[in-house]
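Chains as they are written, first to last, in the numbering used here: chain A, 949 to 1411; chain B, 431 to 581. Backbone N, C-alpha and C define an ideal beta-carbon position, used for all residues, glycine too. Since we're looking at a predicted model, the values are computed, not measured. Taking it in order: structure first as structure tokens, then the write-up.
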Amino acid sequence: MDSLTFYPRESTSGPRSRELETRTSSARRPNAASFYAVLVVAGIGLGLVLGLPLVDGTWSEVHLQGGLAMFLGSTSGLAGTYAALLMVVMASRAPALERTLGQDGVLLWHRRLAPWTIGLIAAHAVLLTVAYAQSAKQGVWAEVGVLLRTFPNMVTATVALGIMVLIGLASIRAVRTRMPRERWWLLHLLMYAALILAFAHEVVLGPSFVRHPVVRIAWTVAWLLAAALMLTYRVGVPVYRTRRHRLRVVDVVAEGRDVVSVILEGRELDRLAIAGGQFCEWRFLTPRMWWQAHPFTVSGLPQPPYLRLTVKGVGDFTRELANIPVGTRVALEGPYGAFTVHAQRRRNAVLIAGGVGVTAVRSLLEDLPLKSRPIVVLRAASEDELFLADEVEELVRHRKGVTHRLVGNRDEVPMASIARLIPDLAKRDVFISGSSHFVRAGAAMAREAGVPAHAVHQEVYAL
Amino acid sequence: MKRILTLLGATAAGFTSVVALYGSPTKTGVLLKAATPTTAVPTGGSTTTTTIATGTGPANATAVGPVENYSYGQLAVKVVIAGHRIVDLRVQGLQTLDAYSTQLEQYVVPILKTEVLKAQGIRINAITGATYTSEAYAYSIQGALDKLRFK
């Protein structure tokens, strides 16, 4: 049992007794109905928005000089801004939404919608400039000047468009990968400024809103709700939880090559509703680090007053973390993630961890019931990259399961060899965590072995 | 597939409900009743049609149309007719709600004037993006023409 506690090495407070039973957590099971509810709400909203240009007079002018461009420009502006609204709602990480779509799902939809949002809004600007130029029978470039000078809130809207296009360009993979994560994140934050700057021109000039007070109010309320969700879940709740738990670093333990565990001490950790497999966004409140938040997995359910996160040092930040002074205060946002026992659909599970992915598997195991006979596969390129393995083995033993340690490179230990280790693979839930490449390969292997998509659960570590 | 259908179905529901709710678009275009009953009703929704049947009214006259209120302000148009033709249009009693609308007037009114003078009441197109102003302008002209012919 000793290998499962992670009390700081020089702790004076003795370990409190702790059950290995499943503990309750707030991360409830997502269900298909709620997923469809999200789809229906999003679809109705899109339908309402697309219907507006048909009834606000824009459509009936479509045969006039510039009318077609005006109609298309209005429609694309509305659709693009509606997509932006959905993206803000998703970025709020409201727990209900995270549970329904999953952390990966939210990110995936965010990425899928992003090009549409920026593309449609850019098209809106071009089309409406052309429309007004045609309507006034003058050149497009001359019309740009007229629009900026004559129409209210157009200067701010143009600034907003510039920001959006800039963020769009920076998000192209080739550009983004060359930018430090922190800078990209700061640039990304400007999107909120852009959305605020653009709002005034929408309701003052948009034919769907002028003279249509109901529509204008509904639109404003929708945006205020999105802003409220954002402020509540990205600012309010994290500040509240940070103040409640008052976490600070009490120890940093080397776990293996480039891997450290940071042990935090805090108050009322029994009230932190975290499920095994979840992660938080952490901020270490030092003068150099406070402004960046990093997603690190909680590599073991809290053992009040302690909490442990385990990090593989890949970036500048994570390397710096190894030398973080004891006593540093820590802010948290979360917990996030749907890679939990609540996602399980079948009786038994197999947990496959590649490299650092073991952290999520380690804490998820704690939530599995005794005698659940889990099969755990720990995959690493070399022996010294295999960490937390002893803890995992002990947890698996308590649950009458089996642990496989697979060490070697991809060619020596191909994904297909994992399938051979688990005879009843097709009847189990499959949890896979690790790098995006590892998780993709693992999910493909599971699907090939006959595991249905709803029983394959993934947690991707962006390295 | 089921997900796509759900999304499409919901979109269709939202779309239908907004179109049904605000269905018949608020009088978007201006359909000016012709001074003489011979004028064909235009097919397009927002084409403004005024007809001046030359010969039915006075050859030379001046009239000020009624003050038309529209969502951004109000205006009245003075119509000058010489030799059965509209030769001049002047906006009178222009009041706007805000500076923006004033600027919009300065931008739109000359275009409308050119349109009417050129069309001589056969067909003028409302200016896209300035529908309400175009409407008010056309209604006021119609009012002025009505005064000249039927009073």
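- prompt: For the candidate residues Ile1069(A), Val1036(A), Ser1156(A), whose alpha-carbon lies nearest to that of Ala1027(A)?
  reply: Working through the first sequence from its first residue, we reach residue 1027(A) at position 79. Nearest option by C-alpha distance: Ile1069(A).
message: For Thr1245(A), list the residues DSSP reports as bridge partners.
response: As a position in the first sequence, residue 1245(A) is number 297, starting the count at 1. DSSP, once it has assigned bridges, lists Phe1227(A) as partnering Thr1245(A).
- prompt: Mind pulling the chain A residues with CB within less than 9 Å of Leu437(B)?
  reply: Sequence index remark: in the second sequence, residue 437(B) carries index 7 (1-based). Those are Leu987, Val988, Ala990, Gly991, Leu994, listed as they occur along chain A.
query: Measuring CA to CA, which of Arg1215(A), Ala1202(A), Gly1067(A) is closest to Gly1110(A)?
result: For the purposes of this step, residue 1110(A) is taken as residue 162 along the first sequence, with counting starting at 1. Checking every option, the nearest Cα to that of Gly1110(A) belongs to Gly1067(A).
- prompt: Who does Arg1196(A) pair with in a DSSP beta bridge?
  reply: If you number the first sequence from 1, residue 1196(A) lands on position 248. Arg1196(A) pairs with Glu1213(A), Arg1277(A).
task: With DSSP as the reference, label Asp1372(A) as helix, strand or coil.
output: On the first sequence, position 424 is the one that residue 1372(A) refers to. In the structure shown, Asp1372(A) sits in coil (DSSP, three-state: anything other than H, G, I, E or B).
- prompt: Is there a Cβ from chain A that is less than 9 Å from the Cβ of Thr446(B)?
  reply: Within the second sequence, numbered from 1, the residue matching residue 446(B) stands at position 16. Interface residue, yes.
message: Going residue by residue through the region 1318 to 1348 of chain A, where are the continuous alpha helix (DSSP H) segments of at least 4 residues, counting only ones entirely within it?
response: 1337 to 1346
query: Contact check, Val494(B) vs Ala574(B) under 8 Å by CB: the rounded distance?
result: Residue numbering aside, residue 494(B) sits at position 64 when the second sequence is read from its first letter. Residue numbering aside, residue 574(B) sits at position 144 when the second sequence is read from its first letter. With a Cβ gap of about 6 Å, Val494(B) and Ala574(B) count as contacting.
field: Extent of the continuous alpha helix (DSSP H) to which Lys432(B) belongs
entry: The residue labelled residue 432(B) in the question sits at position 2 within the second sequence. Element bounds for Lys432(B): 432 to 451.
- request: Please state if the CB of Pro1283(A) and the CB of Ala1241(A) are separated by a distance shorter than 9 Å.
  value: For this step, residue 1241(A) is matched to residue 293 along the first sequence. For this step, residue 1283(A) is matched to residue 335 along the first sequence. No, these two residues do not count as a Cβ contact at 9 Å.
task: Check the DSSP bridge columns for Ser1381(A) and list the partner residues they point to.
output: By 1-based counting over the first sequence, the position of residue 1381(A) is 433. Its beta-bridge partners are Ala1301(A), Glu1407(A).
field: Alpha-carbon spacing of Met1112(A) relative to Ile1144(A), whole angstroms
entry: The count along the first sequence starts at 1 and reaches residue 1112(A) at position 164. The count along the first sequence starts at 1 and reaches residue 1144(A) at position 196. If you draw a straight line from the Cα of Met1112(A) to the Cα of Ile1144(A), it comes to about 12 Å.
field: Short Cβ contact (9 Å threshold) for Tyr955(A) with Gln1251(A)
entry: Taking the first residue of the first sequence as position 1, residue 955(A) is located at position 7. Taking the first residue of the first sequence as position 1, residue 1251(A) is located at position 303. Yes, these two residues count as a Cβ contact at 9 Å.
Spatial distance of Val1210(A) from Arg1295(A) (CA atoms): Locating residue 1210(A) in the first sequence gives position 262, counting from the first residue. Locating residue 1295(A) in the first sequence gives position 347, counting from the first residue. Val1210(A) and Arg1295(A): Cα-Cα distance of roughly 33 Å.
task: Buried or exposed for Gln1086(A), please, with buried defined as at least 16 other CB atoms from any protein chain shown within 10 angstroms of its CB.
output: Stepping through the first sequence from its first residue, residue 1086(A) is reached at position 138. Label assigned to Gln1086(A): exposed.
message: If I follow the unbroken beta strand (DSSP E) through Gln504(B), where does it start and stop?
response: For the purposes of this step, residue 504(B) is taken as the residue at position 74 of the second sequence. Gln504(B): member of the beta strand (DSSP E) spanning 503 to 512, first to last residue.
- request: For Ser1381(A), count neighbouring Cβ atoms within 10 angstroms of its own Cβ and tell me buried if that reaches 16, exposed if not.
  value: As a working mapping, residue 1381(A) is identified with position 433 in the first sequence. Buried, since its Cβ has 16 or more Cβ neighbours within 10 Å.
- prompt: With 9 Å set as the bound, which would you pick, yes or no: does the beta-carbon of Thr1098(A) sit closer than that to a beta-carbon of chain B?
  reply: Here the question's residue 1098(A) lines up with position 150 in the first sequence. Yes, its Cβ sits closer than 9 Å to a Cβ of chain B.
message: Give me the residue from Ala512(B), Val546(B), Val497(B) with the minimum Cα distance to Ala489(B).
response: Here residue 489(B) corresponds to residue number 59 of the second sequence, with the count starting at 1. Nearest of Ala512(B), Val546(B), Val497(B) to Ala489(B), Cα basis: Ala512(B).
message: Counting only C-beta atoms, is Asp1004(A) closer than 9 Å to chain B at any point?
response: Within the first sequence, the letter at position 56 stands for residue 1004(A). With 9 Å as the cut-off, Asp1004(A) counts as an interface residue toward chain B.
message: Any beta carbon from chain B within less than 9 Å of Leu968(A)'s own beta carbon?
response: On the first sequence, position 20 is the one that residue 968(A) refers to. Note that Leu968(A) scores a pLDDT of 34, beneath 50, so its modelled location is shaky; the value from the coordinates is reported in the next line. Not closer than 9 Å to any Cβ of chain B, the Cβ of Leu968(A) fails to qualify, so no.
field: Rounded distance between the beta-carbons of Glu1091(A) and Thr1077(A), thought under 8 Å
entry: Walking along the first sequence from the start, residue 1077(A) turns up at place 129. Walking along the first sequence from the start, residue 1091(A) turns up at place 143. Thr1077(A) to Glu1091(A), Cβ: 6 Å. Contact.
message: By DSSP's criteria, Leu1257(A) is part of a beta bridge. Which residues make up the other side?
response: On the first sequence, position 309 is the one that residue 1257(A) refers to. BP columns for Leu1257(A) point to Val1210(A), Val1246(A).
- prompt: Per DSSP, what kind of secondary structure is Leu524(B) in: helix, strand or coil?
  reply: Locating residue 524(B) in the second sequence gives position 94, where the first residue counts as 1. In this structure, Leu524(B) counts as strand in the three-state DSSP scheme.
- request: Note down, one range per segment and in chain order, each beta strand (DSSP E) of at least 3 residues found wholly within the region 1009 to 1083 of chain A.
  value: Annotation: the region 1009 to 1083 of chain A contains no complete segment of the beta strand (DSSP E) (minimum length 3 residues).
- prompt: Within the present structure, is the beta-carbon of Val1003(A) separated from the nearest heavy atom of the ligand SAH by less than 8 Å?
  reply: Absence of the ligand SAH from the depicted structure is noted, as is the absence of any ligand whatsoever, leaving it without description.
message: Could you tell me the alpha carbon to alpha carbon distance between Asn1101(A) and Glu1150(A), rounded to whole angstroms?
response: For this step, residue 1101(A) is matched to residue 153 along the first sequence. For this step, residue 1150(A) is matched to residue 202 along the first sequence. Cα to Cα, the separation comes out at about 9 Å.
- prompt: Among the residues of its own chain, which have a CB less than 7 Å from the CB of Lys543(B), if the five just before and after it don't count?
  reply: Residue mapping note: residue 543(B) aligns to position 113 of the second sequence, counting from 1. The residues are Leu519.
query: When burial is assigned at 16 or more other CB atoms within 10 Å of the CB, is Arg1293(A) buried or exposed?
result: Translated into the one-based positions of the first sequence, residue 1293(A) becomes position 345. Arg1293(A) comes out exposed.
field: Rounded separation between Val1036(A) and Glu1360(A) - CA only
entry: For the purposes of this step, residue 1036(A) is taken as the residue at position 88 of the first sequence. For the purposes of this step, residue 1360(A) is taken as the residue at position 412 of the first sequence. Straight across, the Cα-Cα distance linking Val1036(A) with Glu1360(A) is about 44 Å.
Min CB distance Tyr567(B) to chain A below 9 Å: Taking the first residue of the second sequence as 1, we reach residue 567(B) at position 137. False, the Cβ-Cβ gap to chain A never drops below 9 Å.
- prompt: Are there 16 or more other CB atoms within 10 angstroms of the CB of Lys432(B), so buried, or fewer, so exposed?
  reply: Residue mapping note: residue 432(B) aligns to position 2 of the second sequence, counting from 1. Counting Cβ neighbours within 10 Å, Lys432(B) comes out exposed, since fewer than 16 surround it.
task: With a cut-off of 8 Å on the beta carbons, I'd call Thr497(B) and Val521(B) a contact; round off their distance for me.
output: What you label residue 497(B) is simply residue 67 of the second sequence in a count that begins at 1. What you label residue 521(B) is simply residue 91 of the second sequence in a count that begins at 1. Here residue 497(B) turns out to be Val, not Thr, going by the sequence shown. The Cβ separation is near 11 Å, so there is no contact.
- prompt: Between Gly1050(A) and the rest of its own chain, which residues show a CB-CB distance below 7 Å, the 5 nearest in sequence each way excluded?
  reply: Working through the first sequence from its first residue, we reach residue 1050(A) at position 102. Result list for Gly1050(A): Ala1286, in chain order.
Test item: CB-CB of Phe1386(A) and Gly1305(A) under 9 Å: Along the first sequence, read from residue 1 onward, the residue named residue 1386(A) stands at position 438. Along the first sequence, read from residue 1 onward, the residue named residue 1305(A) stands at position 357. Yes. Within cutoff.
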